[in-house]
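Read the structure below first, then the notes.
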Ligand SMILES: Nc1ncnc2c1ncn2[C@@H]1O[C@H](COP(=O)(O)OP(=O)(O)OP(=O)(O)O)[C@@H](O)[C@H]1O
Ligand SMILES: [Mg+2]
């Protein structure tokens, strides 16, 4: 595999796959007491079915905001966005995505299992089916055996895994993950990265994933979106071509290092624009 | 936990009893000395103390006098008797519980309305708050008279006064409790496209539980106060309030103090029961014990 094959240009990609998220000239300005905050400006992005897209950029560049716009938790103030061909609002009504927040956000009065079944309960799925799906989801994040525990009895990392299981439980095709592993140590993080990648490769889900870690972004993604702040915008989109069954070993390969370098350059450029 | 507290609690209790005895001697001594003078009797200090603690209608009865009276009126006579404190307690307790039940329900419903409907917050909240600025002693006779005029007597008017007092803390805490979920938890429910009802049931109500129980402890105690206050204007037929009033008509201070202490015990028991329910519920909700 040569570098040319690994690093492709966006325009060269075959346009056969279905667009899951289609964003055109999107902007979002928060009106605050201290004047407007330009959180997102002129964002163009297409996420195709089966993509694993990472968003990387300095703090405050609008990664969370972008994810929230996709999830219809925040309204864009300009431009267009569609999810599976419909508005984010309609997509949310159809429960088109599972969202993993930056913090676990488990309900403290529910056991781990009942936290995972919460969305299923809201979607009025039968109790039998709920328990079955919770079992599967908890197994995926290796939390089987902890069903009856309450959140406070679990470590922070386990809580975050439970919140991932919760987002997986209703099997949405689109996963939106906001720094899910941000608070975890390197080893656990590597392990969960591998698990997430396996899950993605097996289920062909589309993933939008926010991270601060360059190796994590490069390892996981088919597409890396580099962002810069004030106003939040996309400064580079890098496509990768690693095989779906890649392992953590690829982090030593020249291709990997080359892409990581390009990401770092992008981040640096965004930063110097800022000064 | 109990064993660590019993010691200090007992010390305080004994100190209070000693204070009470000393107070009783000093408060009752002048009338007793008067009595000796009128009978041209000589007296010693020891005799004075003994007599001040055994008067028929003392200004401040001694603890053992109250205890004897309470024993007689609680355990020694049939509970159906008009002199039984159990009977009177039950009369007061029944309207306390009815008022507490209605007040809690009303308080919760108001809070649910205020949290979910913007205009209700603006229109209702000022009324809820100003309702409590009117002294209950002014309102109670009016409620009794007005309801009496349309033929509602006995239990219900007293319960209405309890309700009037106890919905307030419930409303205030429940509004706070129903608004206590974090933004991230509300966002989570939104990503599931949960309805308002589902969000209420799965998120807002469980979040509000600790707030609810804190307010219920206040509510049950003031509900009892409301029931007693409600018994005062009725001409003292039955209930702990009636015993207080009748006692003060006839200068039966021992009877007043017995009724008072009984009311305090009833209130304490009610608060303990609410606390017990609270623990049961919170343990079921997985709170660290
Ligand atoms: N509700 C809001 N009201 C006003 N300003 C906001 C709001 N939410 C976010 N912002 C601003 O928008 C900008 C982008 O915020 P955002 O949370 O998307 O950043 P981020 O890239 O996720 O940062 P981090 O990596 O620290 O999580 C920031 O300047 C932030 O202050
Ligand atoms: Mg963020």
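Residue numbers (this note's numbering), protein chains in the order written: chain A, 3 to 277; chain B, -11 to 277.
Glycine residues also receive a C-beta, built at the ideal position from the N, C-alpha and C atoms.
Nothing here was measured: the structure is a model prediction, and the numbers come from that model.
I need the straight-line Cα distance from residue i to residue j, nearest angstrom please.
{"i": "residue 55 (chain A)", "j": "residue 225 (chain A)", "result": "5 Å"}
{"i": "residue 33 (chain A)", "j": "residue 39 (chain A)", "result": "6 Å"}
{"i": "residue 100 (chain B)", "j": "residue 160 (chain A)", "result": "35 Å"}
{"i": "residue 258 (chain A)", "j": "residue 115 (chain A)", "result": "38 Å"}
{"i": "residue 135 (chain A)", "j": "residue 194 (chain B)", "result": "24 Å"}
{"i": "residue 138 (chain B)", "j": "residue 132 (chain B)", "result": "10 Å"}
{"i": "residue 196 (chain B)", "j": "residue 164 (chain B)", "result": "8 Å"}
{"i": "residue 44 (chain A)", "j": "residue 75 (chain A)", "result": "19 Å"}
{"i": "residue 65 (chain A)", "j": "residue 215 (chain A)", "result": "13 Å"}
{"i": "residue 6 (chain A)", "j": "residue 222 (chain A)", "result": "Summary for residue 6 (chain A): the model assigns pLDDT 48, below 50, so the residue's position carries little reliability; its value from the coordinates is reported in the next sentence. Approximately 19 Å, taken between the alpha carbons."}
{"i": "residue 137 (chain A)", "j": "residue 192 (chain A)", "result": "23 Å"}
{"i": "residue 69 (chain B)", "j": "residue 243 (chain B)", "result": "15 Å"}
{"i": "residue 13 (chain A)", "j": "residue 241 (chain A)", "result": "Interpretation of residue 13 (chain A) is limited by its pLDDT of 46, a score under 50 that renders its predicted location unreliable; the figure taken from the coordinates is listed afterwards. Roughly 10 Å between the two C-alpha positions."}
{"i": "residue 98 (chain B)", "j": "residue 159 (chain B)", "result": "6 Å"}
{"i": "residue 182 (chain A)", "j": "residue 211 (chain A)", "result": "8 Å"}
{"i": "residue -11 (chain B)", "j": "residue 264 (chain B)", "result": "Residue placement at residue -11 (chain B) is flagged as unreliable, the pLDDT there being 47, under the threshold of 50; a coordinate-derived value is accordingly withheld."}
{"i": "residue 58 (chain A)", "j": "residue 251 (chain A)", "result": "22 Å"}
{"i": "residue 90 (chain A)", "j": "residue 172 (chain A)", "result": "18 Å"}
{"i": "residue 108 (chain A)", "j": "residue 117 (chain A)", "result": "6 Å"}
{"i": "residue 225 (chain B)", "j": "residue 78 (chain B)", "result": "13 Å"}
{"i": "residue 22 (chain A)", "j": "residue 28 (chain A)", "result": "16 Å"}
{"i": "residue 253 (chain A)", "j": "residue 269 (chain A)", "result": "19 Å"}
{"i": "residue 140 (chain B)", "j": "residue 17 (chain B)", "result": "47 Å"}
{"i": "residue 77 (chain A)", "j": "residue 31 (chain A)", "result": "10 Å"}
{"i": "residue 205 (chain B)", "j": "residue 90 (chain B)", "result": "15 Å"}
{"i": "residue 264 (chain A)", "j": "residue 188 (chain A)", "result": "22 Å"}
{"i": "residue 6 (chain B)", "j": "residue 26 (chain B)", "result": "30 Å"}
{"i": "residue 283 (chain B)", "j": "residue 167 (chain B)", "result": "No answer is possible for residue 283 (chain B): it lies beyond the span of chain B, which begins at -11 and ends at 277."}
{"i": "residue 4 (chain A)", "j": "residue 256 (chain A)", "result": "In this prediction, residue 4 (chain A) has a pLDDT of 48, which is less than 50 and means its spatial position is unreliable; nothing more can be read from the coordinates."}
{"i": "residue 62 (chain A)", "j": "residue 96 (chain A)", "result": "30 Å"}
{"i": "residue 11 (chain A)", "j": "residue 130 (chain A)", "result": "Residue placement at residue 11 (chain A) is poorly supported in this model, since its pLDDT is 47, which falls under 50; the coordinates still yield a value, given next. Computed Cα separation, rounded: 48 Å."}
{"i": "residue 239 (chain A)", "j": "residue 35 (chain A)", "result": "34 Å"}
{"i": "residue 87 (chain A)", "j": "residue 194 (chain A)", "result": "31 Å"}
{"i": "residue 260 (chain B)", "j": "residue 202 (chain B)", "result": "12 Å"}
{"i": "residue 94 (chain A)", "j": "residue 73 (chain A)", "result": "7 Å"}
{"i": "residue 47 (chain A)", "j": "residue 67 (chain A)", "result": "14 Å"}
{"i": "residue 95 (chain B)", "j": "residue 116 (chain B)", "result": "10 Å"}
{"i": "residue 61 (chain B)", "j": "residue 233 (chain B)", "result": "17 Å"}
{"i": "residue 20 (chain A)", "j": "residue 274 (chain B)", "result": "45 Å"}
{"i": "residue 111 (chain B)", "j": "residue 230 (chain B)", "result": "38 Å"}
Going by DSSP, what residue range makes up the beta strand (DSSP E) through residue i?
{"i": "residue 163 (chain A)", "result": "Element bounds for residue 163 (chain A): not the beta strand (DSSP E) but the alpha helix (DSSP H), 158 to 171."}
{"i": "residue 241 (chain A)", "result": "235 to 241"}
{"i": "residue 210 (chain A)", "result": "208 to 213"}
{"i": "residue 32 (chain A)", "result": "21 to 34"}
{"i": "residue 45 (chain A)", "result": "37 to 50"}
{"i": "residue 187 (chain A)", "result": "Where residue 187 (chain A) is concerned, there is no enclosing beta strand (DSSP E), given that its DSSP letter is neither H nor E."}
{"i": "residue 230 (chain A)", "result": "225 to 230"}
{"i": "residue 130 (chain B)", "result": "Looking at the DSSP string, residue 130 (chain B) is not in any beta strand (DSSP E); the run it does join, the alpha helix (DSSP H), is 124 to 137."}
Got a sec, what are the start and stop residues for the alpha helix (DSSP H) residue i sits in?
{"i": "residue 103 (chain A)", "result": "Looking at the DSSP string, residue 103 (chain A) is not in any alpha helix (DSSP H), and its letter there is neither H nor E."}
{"i": "residue 177 (chain B)", "result": "171 to 179"}
{"i": "residue 250 (chain A)", "result": "Element bounds for residue 250 (chain A): n/a, residue is neither H nor E."}
{"i": "residue 143 (chain B)", "result": "143 to 166"}
{"i": "residue 106 (chain B)", "result": "106 to 119"}
{"i": "residue 122 (chain A)", "result": "114 to 124"}
{"i": "residue 109 (chain A)", "result": "Unbroken run through residue 109 (chain A): none, as it is neither H nor E."}
{"i": "residue 178 (chain A)", "result": "Here residue 178 (chain A) belongs to no alpha helix (DSSP H); instead the beta strand (DSSP E) covers 176 to 180."}
{"i": "residue 216 (chain A)", "result": "216 to 222"}
{"i": "residue 278 (chain A)", "result": "Lying before the first or after the last residue shown, residue 278 (chain A) is absent from chain A, which here runs from 3 to 277."}
Query - Cβ contact check for the region 184 to 197 of chain B and the region 118 to 129 of chain B: 3 or more pairs under 8 Å - result: no
**Report entry** Touch test, the region 100 to 117 of chain A against the region 171 to 186 of chain A, Cβ-Cβ under 8 Å, three pairs minimum
**Finding:** yes
Query raised in the report: Listed in chain order, which residues are found with a beta carbon closer than 7 Å to a heavy atom of ligand 2?
Result: A:65, A:66, A:104, A:180, A:181, A:212
Query raised in the report: Can you list, in chain order, the stretches of the beta strand (DSSP E) that have 3 or more residues and sit fully within the region 53 to 94 of chain A?
Result: Complete beta strand (DSSP E) runs here, min 3: 54 to 58, 80 to 85.
Report task. Tell me the start and end of each unbroken beta strand (DSSP E) in the region 12 to 97 of chain B that is at least 3 residues and wholly inside, in chain order. Result -> If we require 3 residues or more, the region 12 to 97 of chain B turns out to have no beta strand (DSSP E) run fully inside it.
Report task. State whether the region 83 to 99 of chain B contacts the region 139 to 159 of chain B, with contact taken as three or more CB pairs (one from each stretch) at a distance under 8 Å. Result -> yes
Report task. Tell me, please, whether the region 52 to 72 of chain B touches the region 113 to 121 of chain B by the rule of three or more beta-carbon pairs shorter than 8 Å. Result -> no
Query raised in the report: For the 8 Å Cβ check, are there 3 or more pairs between the region 103 to 113 of chain A and the region 149 to 156 of chain A?
Result: yes
Query raised in the report: Which runs of the alpha helix (DSSP H), 4 residues or longer, sit entirely within the region 184 to 266 of chain B?
Result: 184 to 187, 193 to 219, 228 to 237
Requested in this report: Kindly confirm or deny that the region 199 to 213 of chain B and the region 172 to 179 of chain B touch, where touching means at least three C-beta pairs closer than 8 Å.
Outcome: no
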